[in-house]
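Chains as they are written, first to last, in the working numbering: chain A, 8 to 54; chain B, 3 to 243; chain C, 2 to 219. Here a beta-carbon is modelled for each residue, glycine too, at the ideal position from N, C-alpha and C.
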Amino acid sequence: MIELGKYAQTVLSAYGISLALLAAIIWQTLRANARARRELEEHESRG
Amino acid sequence: MSIWEYANPVKFLRTSGTVLPWIVAGAALCTIGGLVWGFLTPDDYRQGSTVKIVFLHVPAALMAINAWLMMLVASLIWLIRRHHVSALAAKAAAPVGAVMTLIALITGAIWGQPMWGTWWEWDPRLTSFLVLFLFYLGYMALWEAIEDPDSAADLTGLLCLVGSVFALLSRYAVNFWNQGLHQGASLSVAPGERMSAIYRYPLYLSMLGFFLLFLALVLIRTRTEIRRRRLAALLAREHRA
Amino acid sequence: MRALLWRDLRLAVRAGGGFGLSLAFFLIVCTLVPFGVGAGGGQLSRIAPGILWVGALLACLLSLDRIFALDHEDGSLDLLATAPLPLEGVVAIKALAHWLVTGLPLVVFSPLLGVLLHLPDAAQIWLVLSLLIGTPALSMLGAFGAAITVGLRRGGLLMSLLVLPLYVPTLIFGAEMVRRGAIGLDVTTPLVFLAGITLATLALVPFAAAAALRVNLR
Numbered sequence: 008m009i010e011l012g013k014y015a016q017t018v019l020s021a022y023g024i025s026l027a028l029l030a031a032i033i034w035q036t037l038r039a040n041a042r043a044r045r046e047l048e049e050h051e052s053r054g
Numbered sequence: 003m004s005i006w007e008y009a010n011p012v013k014f015l016r017t018s019g020t021v022l023p024w025i026v027a028g029a030a031l032c033t034i035g036g037l038v039w040g041f042l043t044p045d046d047y048r049q050g051s052t053v054k055i056v057f058l059h060v061p062a063a064l065m066a067i068n069a070w071l072m073m074l075v076a077s078l079i080w081l082i083r084r085h086h087v088s089a090l091a092a093k094a095a096a097p098v099g100a101v102m103t104l105i106a107l108i109t110g111a112i113w114g115q116p117m118w119g120t121w122w123e124w125d126p127r128l129t130s131f132l133v134l135f136l137f138y139l140g141y142m143a144l145w146e147a148i149e150d151p152d153s154a155a156d157l158t159g160l161l162c163l164v165g166s167v168f169a170l171l172s173r174y175a176v177n178f179w180n181q182g183l184h185q186g187a188s189l190s191v192a193p194g195e196r197m198s199a200i201y202r203y204p205l206y207l208s209m210l211g212f213f214l215l216f217l218a219l220v221l222i223r224t225r226t227e228i229r230r231r232r233l234a235a236l237l238a239r240e241h242r243a
Numbered sequence: 002m003r004a005l006l007w008r009d010l011r012l013a014v015r016a017g018g019g020f021g022l023s024l025a026f027f028l029i030v031c032t033l034v035p036f037g038v039g040a041g042g043g044q045l046s047r048i049a050p051g052i053l054w055v056g057a058l059l060a061c062l063l064s065l066d067r068i069f070a071l072d073h074e075d076g077s078l079d080l081l082a083t084a085p086l087p088l089e090g091v092v093a094i095k096a097l098a099h100w101l102v103t104g105l106p107l108v109v110f111s112p113l114l115g116v117l118l119h120l121p122d123a124a125q126i127w128l129v130l131s132l133l134i135g136t137p138a139l140s141m142l143g144a145f146g147a148a149i150t151v152g153l154r155r156g157g158l159l160m161s162l163l164v165l166p167l168y169v170p171t172l173i174f175g176a177e178m179v180r181r182g183a184i185g186l187d188v189t190t191p192l193v194f195l196a197g198i199t200l201a202t203l204a205l206v207p208f209a210a211a212a213a214l215r216v217n218l219r
């Protein structure tokens with residue numbers, strides 16, 4: 008483990024929040040994409 | 003062969019489908035690589051370990067501004083040449099840009115707390131990013147509020163044009179309003195004030211990573227929007243039949 | 002054009018809404034702030050320019066959705082769009098009418114409220130001048146926001162979200178001008194910037210607003 012000194016909390020929380028936000032937008036993007044693809048395929052196979 | 007061929011949604015879907023895996027791989031590689039490399043850099047003699055935050059803060063801020071620029075260009079293309087993919091790409095970029103703005107603001111606040119002794123300072127750069135975030139919120143809210151997709155594209159495009167002018171004006175107005183604490187450009191070319199190489203190279207890599215990440219997200223979101231639009235068109239046709 | 006202006010003014014006066022209401026709102030904002038921040042010391046006179054400008058901005062925002070909404074509901078907006086008068090002209094006239102009904106009373110009565118908030122006497126003239134120069138831009142930008150949201154059922158709240166960020170530069174330069182006037186500094190720079198923003202807004206925004214109206218009337 009690398010030494011972060013007295014600012015450990017600062018650095019870790021910055022990384023934590025940023026990565027969480029990035030993960031949230033990536034997750035939302037992928038989920039919406041999968042849903043749109045599935046619905047379109049369902050519709051096209053039906054029609 | 004010209005770039006306008008990608009205005010055809012089918013062609014766009016096919017081409018973006020083939021390049022997307024490469025972009026995703028590049029984005030993952032560069033972002034993770036840049037952040038890990040950045041995390042392992044030695045402490046700065048003045049800032050201590052907080053210098054590591056720069057590898058998140060600067061790329062996010064860079065993409066926050068470039069996302070708005072990209073929306074401006076895409077809106078102009080839609081308003082002038084009426085290519086639907088362009089309007090959808092502008093729509094797709096907004097949430098990603100808003101998240102980048104938020105990351106830049108939050109990392110800035112977290113860094114500012116020990117360094118400047120305050121979470122928030124009404125500094126020109128911080129303030130103009132807050133205004134930029136408000137513009138993103140208004141833009142997304144307008145997309146959500148209008149039902150007819152073409153009207154929504156037109157009106158948000160207009161808002162993006164007018165908003166760009168005023169965002170830029172605000173940027174210079176706040177400069178005038180309050181002298182800031184924020185340091186100048188981190189990657190200034192002027193000798194003597196640039197960062198040392200141990201920080202600069204991981205920062206470049208991280209910036210490339212964020213750029214590719216933004217590109218990948220916008221492509222995926224644009225594909226989502228195209229599919230949604232197609233589904234809505236099919237349903238409408240069935241409804242009529 | 003003159004006929005349209007007269008019609009809008011008459012409607013506003015007869016409905017009774019515009020004139021009194023936003024002025025009363027301005028008065029209330031300026032009355033509430035001292036309760037919130039306390040009236041002691043020089044505190045109030047220091048923040049007076051900001052309060053007066055923010056108050057004017059909110060009062061202006063209050064009546065914006067009426068610029069086009071009523072005409073859109075009863076269909077006269079469609080008639081105006083097909084009239085020989087260019088739509089850009091219609092927008093400009095409507096913004097002018099809005100300014101005459103809300104902006105001008107604010108300008109006229111602002112010194113009174115300035116006294117209420119202990120604004121230094123030296124700054125009074127700059128307060129009136131800055132509002133006189135700045136508020137036309139507020140009305141014009143408001144007309145743009147109203148044009149974008151005219152077709153929406155609940156556009157009022159959305160419009161505030163769209164319009165308020167556009168007000169930032171005007172607010173900064175307007176309040177800065179009064180602040181400088183209050184402590185006896187040179188006001189030329191903010192004055193020139195404020196006038197520049199207003200003139201550019203008046204010249205360019207009618208085109209954007211008219212384009213938005215055309216989309217909404219399609």
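| Does the Cβ of C:Ile184 have 16 or more other Cβ atoms within 10 Å, making it buried, or fewer, making it exposed? | exposed
| query | Within 10 angstroms of its Cβ, does B:Glu323 collect 16 or more other Cβ (buried), or is it exposed? | reply | As shown, chain B starts at 3 and ends at 243. That puts residue 323 of chain B outside it, with no answer to give.
| Close beta carbons around B:Gly194, own chain, < 6 Å, minus the five adjacent residues each side | Its pLDDT being 44, under 50, B:Gly194 is placed unreliably in this model, and the value from its coordinates should be taken loosely. So no residue of the chain qualifies.
| Proximal chain A residues relative to B:Arg229, where beta-carbon distance stays under 7 Å | Ala43, Arg44, Leu47
| field | CA-to-CA distance, C:Pro137 to C:Gly104, given in whole angstroms | value | 7 Å
| field | Cα-Cα separation between C:Thr199 and C:Thr171, rounded to whole angstroms | value | 8 Å
| task | Can you check the region 202-241 of chain B for any alpha helix (DSSP H) of at least 4 residues that lies completely inside it and give the ranges in chain order? | result | none
| task | Indicate whether B:Ile105 and A:Ser25 have their beta-carbon atoms separated by less than 8 Å. | result | yes
| said: Going by DSSP in three states, B:Asp125 sits in which element: helix, strand or coil? | reply: coil
| query | For C:Ala144 versus C:Leu10, is the C-beta spacing smaller than 8 Å? | reply | no
| request: Kindly list, in the order they appear in chain B, the residues whose Cβ is closer than 8 Å to that of A:Ser25. | output: Leu58, Ala62, Ile105, Ile108, Thr109
| Is C:Gly152 helix, strand or coil when you go by DSSP? | coil
| Which term fits C:Ser77, buried or exposed, when burial requires 16 or more other beta carbons within 10 angstroms of its beta carbon? | exposed
| task | Grab me the residues of C:Asp61's own chain with a C-beta within less than 6 Å of its C-beta, minus the 5 sequence neighbours each way, in chain order. | result | Before going further, note that residue 61 of chain C is Cys rather than Asp in the sequence given. For C:Cys61, where only same-chain residues beyond five positions count, the Cβ hits under 6 Å are Thr103, Leu139.
| task | Classify B:Gly50 as helix, strand or coil using the three-state DSSP reduction. | result | strand
| query | Does the region 74-91 of chain B touch the region 156-173 of chain B, meaning 3 or more C-beta pairs lie closer than 8 Å? | reply | yes
| task | Could you check what DSSP says for B:Gly119 in three-state terms: helix, strand or coil? | result | coil
| query | With DSSP run on the structure shown, which of helix, strand or coil describes C:Arg219? | reply | coil
| query | Within this structure, are the beta carbons of B:Thr52 and A:Thr17 separated by less than 8 Å? | reply | yes
| query | Going along chain B in order, which residues have a C-beta closer than 7 Å to the C-beta of A:Ala21? | reply | Ile55, Leu58, Thr109, Ile112, Trp113
| said: Just to make sure I have the definition right: I need the residues of chain C whose C-beta is within less than 7 Å of the C-beta of B:Asp156. Which are they? | reply: Val216
| Does the beta-carbon distance from B:Thr33 to B:Phe216 come in below 8 Å? | no
| task | Examine chain B for any beta-carbon lying closer than 8 Å to the beta-carbon of C:Phe110, and answer yes or no. | result | no
| For a contact meaning CB atoms closer than 8 Å, what does A:Ala30 contact in chain B? | Ordered by position in chain B, no residue passes the 8 Å Cβ test against A:Ala30, which lies about 10 Å from the chain.
| request: Would you please verify whether the beta carbon of C:Leu5 is less than 8 Å from any beta carbon of chain B? | output: no
| field | Simplified DSSP state of C:Leu214, which is helix, strand or coil | value | helix
| query | Roughly how many whole angstroms lie between the Cα atoms of B:Tyr206 and B:Trp39? | reply | 11 Å
| request: With distances taken Cα to Cα, identify the nearest neighbour of B:Ala199 among B:Thr20, B:Met65, B:Pro44, B:Ala62. | output: B:Pro44
| message | Considering just the uninterrupted stretch of the alpha helix (DSSP H) at C:Ala84, what are its terminal residues? | response | Looking at the DSSP string, C:Ala84 is not in any alpha helix (DSSP H), and its letter there is neither H nor E.
| How long is the line joining the alpha carbons of C:Asp1 and B:Val167, rounded to whole angstroms? | Because chain C here runs from 2 to 219, residue 1 of chain C falls outside it and cannot be looked at.
| Mind checking if C:Arg181 is an interface residue toward chain B, Cβ cutoff 8 Å exclusive? | no
| request: Could you name the residues of chain C that B:Phe137 contacts, counting a contact when the two beta carbons are closer than 7 Å? | output: Pro166
| request: Could you check if C:Glu177 is buried or exposed, using at least 16 other CB atoms within 10 Å of its CB as the buried criterion? | output: buried
| From B:Val191 to B:Tyr203, what does the alpha carbon distance come to, in whole angstroms? | Because B:Val191 carries a pLDDT of 44, less than 50, the predicted location of this residue cannot be relied on, and the following value inherits that uncertainty. For B:Val191 and B:Tyr203, the distance between alpha carbons rounds to 14 Å.
| task | List the endpoints of the continuous alpha helix (DSSP H) containing C:Thr171. | result | 169-183
| said: Between B:Val98 and B:Val220, how many whole angstroms is the CB-CB distance? I'm expecting something under 8 Å. | reply: 6 Å
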